[in-house]
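S.K.: The following block contains the structure, expressed as structure tokens.
In full-length UniProt numbering, the protein residues as written are 1 to 135.
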């Protein structure tokens, strides 16, 4: 199977992350991902989109997504064009929330647990999350 890409740009509006999950579900089924794996991808994608919506402070108020399929994996890249964040600070805050038993703020942890591979790059010009689920 050759590698193909699907690109999507969505506005930061309520429930637009569900548009992205429809694409992920279709592509996951196309490459033969099990239903449970597709559900994990969808949940991780919802978290990644909502994080971008809530935290990016993007002036464009859009996120760009790229879906890449191969015979081995579905890889999704989410780019927000926002202000970026300090990863060390984010990890410290996650630890604090865990220690306090807080119920919100677990998005990055959840994404990492649901996907097989996650890379996050953040700079003053935005955050890029690349996540893969293997067959």
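Think of the CB as a built atom: it goes at the ideal place given N, C-alpha and C, for glycine as much as any other residue.
No experiment lies behind these values; they were computed from the predicted model shown.
Give the list of continuous beta strand (DSSP E) stretches no shorter than 3 residues that lie fully inside the UniProt domain "Histidine kinase/HSP90-like ATPase" (19-133).
M.R.: Restricted to the UniProt domain "Histidine kinase/HSP90-like ATPase" (19-133), the beta strand (DSSP E) segments that are unbroken, complete and at least 3 residues in length are 62-69, 73-79, 117-123, listed in chain order.
S.K.: Please list, in chain order, all residues of the same chain as residue 81 whose beta carbon is under 6 Å from its beta carbon, the five residues on each side excluded.
M.R.: 58, 60, 126
S.K.: Which residues bound the beta strand (DSSP E) around residue 139?
M.R.: Nothing can be reported for residue 139, as the shown portion of the chain is limited to 1 through 135.
S.K.: Less than 9 Å between the beta carbons of residue 10 and residue 63, yes or no?
M.R.: yes
S.K.: Tell me the rounded alpha-carbon separation between residue 56 and residue 33.
M.R.: Cα to Cα, the separation comes out at about 31 Å.
S.K.: Check each candidate in 114, 39, 119, 12 and name the one with the smallest Cα separation from residue 23.
M.R.: 39
S.K.: Considering only C-alpha positions, which residue in the set 25, 12, 66, 41 is nearest to residue 52?
M.R.: 12
S.K.: In whole angstroms, what separates the C-alpha of residue 35 from that of residue 50?
M.R.: Roughly 23 Å separates the two Cα atoms.
S.K.: Whole angstroms is fine: what's the gap from residue 83's alpha carbon to residue 54's?
M.R.: 12 Å
S.K.: Quick one, which of 107, 16, 7 has its alpha-carbon nearest residue 48's?
M.R.: 107
S.K.: Let's test the definition: count the other Cβ atoms within 10 Å of the Cβ of residue 123 and tell me whether it reaches 16, buried, or not, exposed.
M.R.: exposed
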